[in-house]
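Protein chains in written order, with the UniProt record's numbering: chain A, 1 to 345; chain B, 1 to 345. Positions of the beta carbon are idealized from the N, C-alpha and C atoms, including for glycine. Here is the structure we will look at.
Protein chains: 2
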Amino acid sequence: MTDTAPRPTLEAVAARAGVSRATVSRVVNGGDGVRERLAERVRKAVDELGYVPNQAARSLVTRRHDAIAVVVAEPEARVFADPFFARQLRGISKELTAHDNQLVLLLTEGRDDHARVGRYLAGGHVDGALVFSLHLDDPLPKLIRSAGIPAVFGGRPDWNGDQRGVLYVDVDNRGGARDAVRHLAGLGRSRIAHITGALDQTSAVDRLDGYRDVMVDADPRLIVESDFTPAGGERAMRELLARRPDVDAVFAANDLTAAGALRVLRESGRRVPDDVAVVGFDDILPVAEQTEPPLTTVRQDIEEMGRLMARLLLRELDPRAAEERVGGTPSSVVLPTTLVRRASA
Amino acid sequence: MTDTAPRPTLEAVAARAGVSRATVSRVVNGGDGVRERLAERVRKAVDELGYVPNQAARSLVTRRHDAIAVVVAEPEARVFADPFFARQLRGISKELTAHDNQLVLLLTEGRDDHARVGRYLAGGHVDGALVFSLHLDDPLPKLIRSAGIPAVFGGRPDWNGDQRGVLYVDVDNRGGARDAVRHLAGLGRSRIAHITGALDQTSAVDRLDGYRDVMVDADPRLIVESDFTPAGGERAMRELLARRPDVDAVFAANDLTAAGALRVLRESGRRVPDDVAVVGFDDILPVAEQTEPPLTTVRQDIEEMGRLMARLLLRELDPRAAEERVGGTPSSVVLPTTLVRRASA
DNA sequence: GCGGGCGGTGAGAGCGCTCTCGACGACCCG
DNA sequence: CGGGTCGTCGAGAGCGCTCTCACCGCCCGC
């Protein structure tokens with residue numbers, strides 16, 4: 001343990017500035033109702049002493065923490081293959097920092113951890129939570145709700161039951177999927193297949209729905225279920241080639257899957273995009289740009305998504321905003337996507 | 001704001017169990033020196049009331065927070081292209097969770113943020129810090145030191161000045177590089193080139209040193225400086241082909257760079273590995289497995305690195321451990337690497 | 001010229017917890 | 001059988017802050 005010099009207290013600052021604790025407190029917290037002359041003297045004392053408020057003492061009385069929990073309930077796979085997660089965190093971090101809030105990160109590991117997270121959130125250590133829980137059967141949303149703590153979800157949660165007052169920020173997965181498939185159709189392709197993502201996640205379901213919106217009466221054999229992984233993409237593509245060797249386009253539920261599909265197509269002697277055009281989803285840069293050929297894909301602004309989630313939550317927490325909100329509660333947001341054309345379609 | 005029911009206090013539990021506050025506190029914190037009969041009664045009361053200790057009140061008196069900061073000082077690029085960061089976080093999170101510590105994440109954005117981070121750390125909101133700051137000129141290490149807060153660095157820091165007592169966990173970059181180059185030599189290659197990483201990071205410097213260890217008197221033209229990015233890898237590879245068209249192997253400082261190099265080699269009509277063998281570094285799965293051909297590379301156990309960093313810091317913070325430590329201060333760790341053979345070399 | 005406001009300031013009471021210290025039996029030894 | 005020791009527990013004093021409330025000048029209006 002490093003011995004830290006005893007940090008100056010409000011008391012010390014007050015003594016130095018020749019005022020009372022209350023006045024120093026007022027100045028430190030915005031300084032309303034303190035005459036400028038005095039305030040100036042206090043600020044000077046604060047600087048000289050290097051005073052930093054003790055957050056614990058402050059929280060004890062205000063019952064606020066200026067801290068937000070970010071709960072990530074991904075069992076390895078997805079989050080850690082993508083830089084996804086990092087991007088969202090960055091967006092969140094930016095927004096929180098701008099409002100002097102801290103980011104407490106909770107990563108969960110299997111079921112047991114849910115209890116721990118629930119306890120933590122219910123324990124009132126943070127003012128709110130941003131939750132990433134993309135699986136349909138996830139207990140987290142209920143847990144959060146029963147913890148009685150304000151929360152915003154990343155991605156549309158889809159649990160059975162009351163959805164009132166549930167805030168989330170999602171990407172327009174369905175619309176993005178439609179754009180992708182329409183793009184393929186616009187290229188003159190008619191036998192457009194879809195390799196789905198893991199269908200226990202709303203994003204995968206929505207992308208599939210988007211595909212169906214355009215391909216209203218597609219051959220069901222053109223739809224192959226997969227799991228968002230490259231290996232899954234390979235398997236699905238093989239299956240697809242067996243079912244419909246005449247397939248001339250593939251819309252994969254994400255870039256990783258598309259990369260797997262691309263490899264199988266190459267193996268099978270198909271040229272991309274000449275014989276089969278391929279579109280992915282996510283625009284994971286190190287992947288989408290590195291594939292052979294580079295991948296046409298649907299981009300989503302992940303960082304913005306994080307930023308928005310944080311903003312929504314902070315607004316929810318701010319009593320001032322709560323007043324303004326009368327008659328217009330803050331609502332969930334769905335972000336647009338854009339098609340990024342590269343060589344694969 | 002959600003109205004949270006007033007949470008029960010120690011006082012309430014004490015009343016219910018018919019004991020004093022002090023006794024409840026003892027039970028809650030391990031229960032030494034309390035007769036089992038009483039302790040049992042207290043635990044029952046805790047359960048019934050759903051009591052959760054107020055961390056703020058506790059911190060106020062103990063001056064401990066059971067929270068550590070993770071500071072990531074990466075200007076975008078590296079961290080967010082790799083799943084690197086996510087893996088490390090996971091390792092850290094696991095270890096911290098196991099010891100009931102919270103993880104406060106601080107991402108920095110340019111210079112201004114350093115001051116903010118410094119203030120935060122000096123403010124005594126956390127017990128220690130894990131710092132990722134891979135750039136030679138980074139002010140963070142000094143800042144941390146002057147904040148007087150225990151810290152462990154991820155990657156060997158390299159600032160001028162006193163290094164005593166500086167703890168870090170690093171990967172054996174130099175050894176891994178040696179292995180990579182020896183592997184290429186073992187394949188019968190003699191004109192082995194190296195595309196470096198950004199040389200303002202110790203990892204890049206160490207990898208270059210490892211290359212030099214084996215290629216003691218290599219043609220300097222075989223060494224091309226780059227920056228860890230795919231685009232940089234492409235540029236470097238072009239330069240290399242211009243300088244030494246007879247190059248028969250490339251050791252790239254990381255997988256992203258290798259992927260860029262691979263693309264240029266393909267363009268130029270070289271076959272990999274027949275004409276030119278390529279080895280990367282990091283084993284970033286979604287990249288290394290997706291390249292054409294799949295990349296032989298040097299793997300580092302990133303998650304373990306995070307775990308170790310946390311363990312080191314926690315030990316540093318634990319007064320008990322401090323006693324045991326007499327005569328043997330905890331020291332930095334360098335993790336081994338392993339060569340992963342795929343198709344590119 | 002005097003009372004009522006009012007803006008500015010200080011005194012003091014807690015927030016919920018830990019921890020020291022002293023009290024109090026029970027138990028042991030001589 | 002008396003004095004000391006040990007284990008167990010409660011009383012109470014803060015930790016550093018916010019916030020209410022009372023107080024004190026001063027300015028205004030009549």
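Taking the beta strand (DSSP E) that residue i falls in, what are its first and last residues?
i: B/Q300; result: 297-300
i: B/I144; result: Element bounds for B/I144: not the beta strand (DSSP E) but the alpha helix (DSSP H), 140-147.
i: A/H194; result: 192-195
i: A/T337; result: 337-340
i: A/F153; result: 151-154
i: B/A218; result: Counting along the chain, B/A218 falls outside any beta strand (DSSP E), and DSSP gives it neither H nor E.
i: B/V171; result: 167-171
i: B/L103; result: 102-107
Run down chain A in chain order and give the residues with a C-beta less than 9 Å from the C-beta of residue i.
i: B/K94; result: L107, E109
i: B/Q88; result: Those within 9 Å of B/Q88 in chain A number zero; the least Cβ separation is about 11 Å.
i: B/A310; result: Ordered by position in chain A, no residue passes the 9 Å Cβ test against B/A310, which lies about 12 Å from the chain.
i: B/S59; result: N54, Q55, A56, A57, S59, L60
Taking only the alpha-carbon atoms, compute the straight-line gap between residue i and residue j and give it to the nearest angstrom.
i: B/A115; j: B/R315; result: 27 Å
i: B/A15; j: A/A57; result: 25 Å
i: B/T257; j: A/H65; result: 43 Å
i: B/R119; j: B/A180; result: 42 Å
i: A/P336; j: A/Q201; result: 19 Å
i: B/V205; j: B/L262; result: 22 Å
i: A/V28; j: B/F251; result: 56 Å
i: residue 386 of chain A; j: A/G280; result: Any property of residue 386 of chain A remains undetermined from this structure, which presents chain A solely from 1 to 345.
i: B/G155; j: B/S331; result: 14 Å
i: B/A86; j: A/L96; result: 19 Å
i: B/I68; j: A/A39; result: 34 Å
i: B/T62; j: B/P53; result: 13 Å
i: B/E48; j: B/A12; result: 11 Å
i: B/A17; j: B/D32; result: 17 Å
i: A/M1; j: B/I149; result: Note that A/M1 scores 41 on pLDDT, short of 50, meaning its location in the model is unreliable and no value can be drawn from it.
i: B/L121; j: B/L265; result: 47 Å
i: A/D3; j: B/V104; result: The predicted position of A/D3 is uncertain, since its pLDDT is 47 and thus under 50; a value taken from the coordinates is nonetheless stated next. Going from the Cα of A/D3 to the Cα of B/V104 covers about 22 Å.
i: B/V216; j: B/E303; result: 33 Å
i: B/D170; j: B/D301; result: 10 Å
i: A/S203; j: B/V247; result: 46 Å
i: A/G260; j: A/P230; result: 4 Å
i: B/L187; j: B/A345; result: 8 Å
i: A/A193; j: A/D172; result: 20 Å
Closest to residue i by CA distance: which of the options is it?
i: A/F132; options: A/V117, A/F251, A/V46, A/R178; result: A/V117
i: A/P157; options: A/R341, A/V333, A/S344, A/V340; result: A/V333
i: B/V166; options: B/L130, B/A193, B/Y51, B/T196; result: B/L130
i: A/R299; options: A/A45, A/L285, A/S25; result: A/L285
i: A/G197; options: A/S59, A/L89, A/A253; result: A/A253
i: A/A147; options: A/L136, A/G123, A/H135, A/Y168; result: A/G123
i: B/L107; options: B/V224, B/G50, B/I192, B/L89; result: B/L89
i: A/R244; options: A/V34, A/R191, A/D172; result: A/R191
i: A/V72; options: A/L208, A/K94, A/D113; result: A/D113
i: B/R342; options: B/R238, B/L208, B/P293; result: B/P293
i: A/F228; options: A/R207, A/V152, A/Q55; result: A/R207
i: B/E267; options: B/R235, B/H99, B/G128; result: B/R235
i: A/D176; options: A/D213, A/V46, A/F153; result: Residue 176 of chain A is actually Gly in this sequence, not Asp. Nearest option by C-alpha distance: A/D213.
Under DSSP, the alpha helix (DSSP H) around residue i begins and ends at which residues?
i: A/G128; result: Premise fails: A/G128 lies in the beta strand (DSSP E), 128-132, not in any alpha helix (DSSP H).
i: B/Q88; result: 84-98
i: B/A253; result: Neither: B/A253 is in no alpha helix (DSSP H) and is coded neither H nor E.
i: A/V279; result: Run containing A/V279: none in the alpha helix (DSSP H); it sits in the beta strand (DSSP E), 277-279.
i: A/V13; result: 10-17
i: B/G118; result: 110-122
i: A/L241; result: 230-243
i: B/A288; result: 285-288
Residues of chain A with CB closer than 8 Å to the CB of residue i, please, in chain order.
i: B/A343; result: What B/A343 touches in chain A: nothing, since even the nearest Cβ is about 12 Å away.
i: B/H125; result: Q55, Q102
i: B/R259; result: Rather than Arg, the amino acid found at residue 259 of chain B in this sequence is Ala. Under the 8 Å cutoff, chain A gives P286, Q290.
i: B/P8; result: Here the premise fails: no neighbours, minimum Cβ distance about 11 Å.
At a CB-CB cut-off below 9 Å, which residues of chain B make contact with residue i?
i: A/F85; result: P83, F85, A86, L89
i: A/L256; result: P286, Q290
Subject >> Entirely enclosed alpha helix (DSSP H) segments - the segment 19-66 of chain A, minimum 4 residues >> reply: 21-28, 36-49, 55-62
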